[in-house]
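The structure appears below as structure tokens.
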Amino acid sequence: MRYSKQREQIMNAVRSQGCHPTADQIYKFVRQEHPSISLGTVYRNLNQLAEAGELLRIPICGSKDRFDHNTKAHFHLQCAACGAFVDLPEEVSEEIVRLLDRIRRQTGMTVAPESMQFQGICQACTAGQKRSAVDNH
Ligand SMILES: [Zn+2]
Ligand SMILES: [Zn+2]
């Protein structure tokens, strides 16, 4: 009983943190209300939720995994400068799903969805708004 309560709290944290939080971010969030929860418990629950298909775990090259409450097939864009991590618009994701399907039909190879992650520079970074906070010389 207590166990499923923890899971629910962790699910809620992932949902309310909208922008694909890492396990550490989820831990910090849940801890505000439940100071006794451990990072290990958060990790364990996140793994189980991901295995059960209730969450998506997004492996990120050179960085920590992120978690997503949206389990529908979709793809992401990451800003290389500030690390912002957002969903591609739904229609674009659907087009990529069709594209991957075509690749599979024509080459016989199933492409791992994680390999379709886009890196770029977000609008705020392009405008120099975020960079000026870090780089001030
Ligand atoms: Zn950025
Ligand atoms: Zn997402």
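Numbering-wise, the working numbering comes out as the position in the sequence shown, counting from 1, plus 1. Glycine is no exception: its CB is placed at the ideal position from the N, C-alpha and C atoms. Bear in mind the structure is a predicted one, so any value in this text is a computation, not a measurement.
- A Cβ-Cβ contact shorter than 8 Å links His21 with Phe68.
- Between Asn46 and Arg99, the gap from beta carbon to beta carbon reaches 8 Å or more.
- The Cβ-Cβ distance between Ile59 and Val31 does not fall below 8 Å.
- Each of Cys83, Asn48, Lys73 and Glu55 was checked against the Cα of Asp66, and the nearest Cα belongs to Asn48.
- Of the residues assessed, Ala14 falls on the buried side of the cut-off, its CB having 16 or more other CB atoms within 10 angstroms.
- Under DSSP, the beta-bridge partners assigned to His77 are Asp88 and Gln118.
- No residue range can be given for Ile61, since it is assigned to no beta strand (DSSP E) and is classified by DSSP as neither H nor E.
- Counted as a single uninterrupted DSSP element, the stretch harbouring Asp69 is not any alpha helix (DSSP H) but the beta strand (DSSP E) occupying residues Arg67 to Asp69.
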